[in-house]
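The structure appears right after this line, and notes come after that.
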Amino acid sequence: MADYLVIVESPAKAKTIERYLGKKYKVKASIGHVRDLPRSQMGINTENNYEPKYITIRGKGPVLQELKQAAKKAKKIYLAADPDREGEAIAWHLATALNIDIHSDCRVVFNEITKDAIVESFKHPRPINMDLVDAQQARRILDRLVGYNISPILWKKVKKGLSAGRVQSIALRLIIEREEEIKRFQPEEYWTIEGEFEKGKKPFSALYYGDGEQKIKLTNVAEVQQVLDGIKGKAFEVTNVVRKERKRNAAQPFTTSSLQQEAARKLNFRAKKTMMLAQQLYEGIDIGKKEGTVGLITYMRTDSTRISETAKTEVLSFIETTYGKEFVATEQKQVKKSTNSQDAHEAIRPTSTMRSPDTLKTVLSRDQLRLYRLIWERFIASQMAPAVLDTMTVDLQNGDVQFRANGSQVKFAGFMKVYIEGTDDQAEETNKLLPAMEIGDTVNSIQIEPKQHFTQPPPRYSEARLVKTLEELGIGRPSTYAPTLDTIQKRGYVTLETKRFVPSELGEIVHWATLEFFPEILNIEFTVKMEQDLDEVEDGRKQWVEVIDAFYKDFEKRVAYADAEMEKIVIKDEPAGEDCELCGSAMVYKLGRYGKFMACSNFPDCRNTKAIMKQIGVKCPDCADGQIVERKSKTKRLFYGCDQYPQCEFVSWDKPISRPCPKCSALLVEKKIKKGVQIQCTKCDYEEAPTQ
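Residue 393 in full-length UniProt numbering is what sits at position 393 of the sequence shown, and the numbering runs on without skipping anything.
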């Protein structure tokens with residue numbers, strides 16, 4: 001019989017840890033929280049210091065009973081939940097349910113599930129940290145007070161099934177504000193002039209810069225023509241050459257948010273999927289008879305980029321052996337911490353540098369391997385020497401017309417040998433060599449071509465961009481980003497179109513109702529201050545009851561006012577202007593969970609529904625009578641066609657735009673390419689610079 005009982009959250013984790021600890025230890029799983037606030041009621045006594053009413057979570061009775069039976073037989077019980085606020089709260093709830101003294105050395109924490117880390121952590125058990133528990137309780141109670149007060153009002157005044165929350169409401173606000181920016185945006189015309197030049201027999205390109213004294217922006221064709229008229233002959237003089245050596249540093253190891261962003265950019269993973277896979281890699285994978293089940297990465301919910309000295313020693317040795325001494329970072333990187341960073345544990349890294357992704361191909365699923373490779377390569381690169389690039393800028397002059405050529409070459413790859421961080425605009429570091437040139441040299445122009453462009457509206461938020469913005473603003477925590485993005489989609493407040501968030505009509509209704517009656521919930525400064533207060537609770541500098549009370553006194557008044565004054569928003573069924581093909585009754589527009597659709601007004605006797613064909617504001621280029629509308633194929637792929645189909649059979653996978661090609665007046669479309677979206681002509685070779 002085992003002398004010691006260890007309780008963790010997940011069965012996978014329990015299995016891994018039990019093997020490391022030996023026969024004297026029995027490891028069982030609580031399968032997450034065992035107690036929580038009731039779902040059927042508020043569960044908070046606002047008259048008595050916001051005392052929470054905790055109950056056993058439905059379905060967890062048998063789990064808790066099994067843990068109680070095991071606890072009776074054990075000489076000592078250790079609570080080994082995750083090393084964060086949530087894990088500390090789970091340990092506290094378990095201690096309360098199992099009558100364990102929270103002041104005893106019952107709590108064990110570790111940042112990675114490896115034999116050395118587990119054995120070492122059991123040498124240093126500690127009491128439960130009530131500051132951490134209070135910070136989690138405060139957040140849970142605060143979110144319950146907001147959600148369970150605002151949501152019923154939205155149900156009553158707008159539509160059943162709606163909700164509002166601190167972080168999700170800010171995320172929705174950002175998406176809606178960006179959409180408004182896009183609607184207000186007025187494109188401005190601008191031109192570039194690209195020249196192809198030759199030095200000796202070596203070609204290179206340069207862009208029009210100005211008149212030799214200042215940079216000049218070209219806004220119309222007349223200004224372009226004036227520049228072209230000023231060029232006399234093909235000979236250009238080299239008037240300036242600037243050579244510089246530029247260093248580029250590696251990105252820091254992953255935090256939760258940077259992992260979510262990079263996995264979205266490079267692997268096309270949603271935040272929820274990234275966290276699910278990271279959890280699996282952390283809890284343990286069976287990698288064969290020699291080592292058995294082992295955790296492959298450190299804990300995946302962290303704000304910190306710090307790494308342990310042991311990990312640093314191992315990775316530096318690996319870099320020197322694998323790539324050479326010159327690739328080892330010689331300077332100690334300064335770890336930058338954000339103001340709201342929680343530095344309780346390390347960055348996300350492999351538990352052993354020696355477990356390269358190639359050695360794990362047979363034991364990991366395709367997606368597990370891709371995420372592990374991303375984490376492994378980022379960590380290795382973070383401890384490597386900077387890349388060194390030779391850059392060269394050359395000015396070319398012909399009369400009052402100046403062109404500028406820029407070139408760069410990787411002199412020393414450094415960390416770039418292993419990994420290069422992704423960017424939202426998909427920009428890539430490429431070698432662009434210029435021929436050797438000195439001041440006074442003469443080069444000849446081969447071709448000079450003007451190009452018309454139009455400024456682009458700000459891009460809609462992708463998951464990566466939204467996570468980055470929330471983090472920069474100080475809204476939410478690593479553990480909240482994935483569920484927040486999931487919630488606003490499940491509620492039907494936003495949809496994902498070409499991997500970008502678009503607010504629905506329902507989302508806008510909820511946003512404006514919340515903004516009018518609960519402005520503090522959508523106030524970024526207010527929300528950031530609340531996050532800081534919760535951090536101070538965690539640090540023991542504030543009492544959680546005081547933080548909640550300071551918020552609730554004013555909030556309670558707003559709830560009463562909204563309940564009395566908010567007008568009921570009736571989402572009327574608009575006539576669709578056509579009859580039902582099944583029964584002849586009028587069709588109407590209805591607002592559903594996923595936006596508007598057409599339905600028969602004779603519901604429930606007739607249940608006919610149709611998708612709405614969304615016009616994009618472009619006339620059909622084939623028949624000139626119809627409008628281009630969005631359609632979906634049988635595989636749900638978006639395409640564009642004429643609303644006069646089948647009379648007109650125009651179709652396009654690429655989105656048409658309203659303005660014609662400036663060269664041939666044919667149809668312009670938005671073409672998806674690797675670097676983003678590029679406007680191209682469907683007939684001639686006209687194209688514009690890619691945008692995100």
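Positions of the beta carbon are idealized from the N, C-alpha and C atoms, including for glycine. Nothing here was measured: the structure is a model prediction, and the numbers come from that model.
Please report the Cβ distance between residue i and residue j, rounded to the nearest whole angstrom; I am assuming they are in contact, meaning their Cβ atoms lie under 8 Å.
i    : j    : result
D36  : I57  : 5 Å
T255 : A387 : Not really, about 22 Å apart at Cβ, beyond 8 Å.
C600 : M613 : Not confirmed; about 17 Å, so no contact.
L389 : L267 : Between L267 and L389 the Cβ distance is about 27 Å, and since that is not below 8 Å, they are no contact.
I285 : L296 : 6 Å
W191 : H453 : 7 Å
Y299 : Y282 : 6 Å
R270 : E497 : Going by Cβ atoms, the distance from R270 to E497 rounds to 14 Å, so no, they are not a contact pair.
Can you find the residues in the same chain that come closer than 6 Å, C-beta to C-beta, to residue i, ignoring five residues on each side of it along the sequence?
i    : result
D563 : I153
E262 : G422
Y54  : R35
Q627 : Q615 and D643
E66  : none
Going by DSSP in three states, residue i sits in which element: helix, strand or coil?
i           : result
A387        : strand
T239        : strand
D400        : coil
Q452        : strand
F318        : helix
V108        : coil
V418        : coil
Y561        : helix
L267        : helix
W653        : coil
L132        : helix
residue 753 : Nothing about residue 753 can be read from this structure; the chain reaches only from 1 to 692.
R349        : coil
R139        : helix
Q214        : coil
K72         : helix
F551        : helix
D36         : strand
P357        : helix
G617        : strand
S338        : With a pLDDT of 44 at S338, under the threshold of 50, the modelled position of this residue cannot be trusted, and the question is left open.
N45         : strand
G676        : strand
T487        : helix
V158        : coil
P152        : helix
G61         : helix
Q426        : With a pLDDT of 49 at Q426, under the threshold of 50, the modelled position of this residue cannot be trusted, and the question is left open.
Starting from the C-beta of residue i, find all residues in its chain whose C-beta is less than 8 Å away, skip the five residues before and the five after it, and write them out in chain order.
i    : result
I176 : P503, G507, E508 and H511
K26  : A2, Y4, L5, V6, E18, A70 and A74
T339 : The predicted model places T339 with a pLDDT of 42, which falls under 50 and marks its position as unreliable; any figure quoted below should be read in that light. For T339, where only same-chain residues beyond five positions count, the Cβ hits under 8 Å are G474 and Q532.
Leaving out the 5 sequence neighbours to the left and right, which residues in its chain are closer than 7 Å to residue i when beta-carbon positions are compared?
i    : result
L316 : V328 and Q383
P125 : Y78, D105, C106, R107 and V108
D143 : G165 and R166
R178 : P458, R460 and Y461
P690 : I673, K675, G676, V677 and Q678
T480 : V167
P435 : K199, G200, K202 and F204
R491 : L162 and S163
D605 : none
R355 : L296
I319 : F327, V328, I380, Q383 and M384
Residues bridged to residue i by DSSP?
i           : result
residue 697 : This structure leaves residue 697 out entirely; the chain is present only between 1 and 692.
W512        : DSSP lists no partner for W512.
A206        : G195
A599        : V588 and T609
L638        : K632
L5          : K26 and I77
residue 707 : No statement about residue 707 is possible, as the shown extent of the chain runs from 1 to 692 and does not include it.
E497        : R500
F254        : I348
S408        : T391 and K432
V443        : F236
R246        : L389
P660        : L667
Is the Cβ of residue i closer than 8 Å to any Cβ of chain C?
i    : result
E438 : This model lacks chain C altogether, as it is built from one protein chain only.
In the stretch 267 to 315, which residue ranges form an unbroken alpha helix (DSSP H) of at least 4 residues, counting only runs that do not cross its ends?
271 to 283, all fully within the stretch 267 to 315.
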